[in-house]
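Everything on this sheet refers to the single structure shown next.
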Amino acid sequence: MAQNDQSQIESCYLCRPLSEEFATAARLYAEAVVLLTANAANRSWQEHRWLCHAAEQARRRAEVAGVAFEGHLASHHDRLRQQQPEAEDISRYRSSR
Ligand SMILES: [Zn+2]
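Read left to right, the sequence shown gives residues 0 to 96 (numbering that gives the first Met the number 0).
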């Protein structure tokens, strides 16, 4: 069952670009925060504001990418559940007895 889930996900043409975008966006956000916080005291206010803005943009990009990735994966599992109603019905029937 778990292996079946995995092969379905790997064969999907959307999983890879969505997961890569999420990972890249999250990494860029982390890097933006590192830049923002490193040597913060020695920086001009204008430079600080610019880095804050860049970090906020990166955070939003990561958030959007995360929502898209999660939503897409959830759609896989919804589809798998619909494909295997009998198996679920049988296990529900068994556990109810
Ligand atoms: Zn997929």
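For each residue, glycine too, the CB sits at the ideal point set by N, CA and C.
- Non-local C-beta neighbours of arginine 58 in its own chain, meaning closer than 6 Å and more than five positions away in sequence, comprise Tyr28, ordered along the chain.
- Cysteine 51 and serine 43 have their C-alpha atoms some 12 Å from each other.
- Take leucine 35, set aside five residues on each side of it, and the residues of its chain with a beta-carbon closer than 7 Å to its own are Leu50, Cys51 and Ala54, in chain order.
- Alanine 25 is positioned such that its CB atom lies closer than 8 Å to that of alanine 61.
- Within 10 angstroms of the beta-carbon of alanine 31 lie 16 or more other beta-carbons, which makes it buried.
- With contacts defined by Cβ atoms closer than 8 Å, phenylalanine 21 and glycine 65 form a contacting pair.
- The nearest non-hydrogen atom of ligand 1 is 7 Å or more from the C-beta of histidine 47.
- For ligand 1, no non-hydrogen atom lies closer than 7 Å to the CB of leucine 50.
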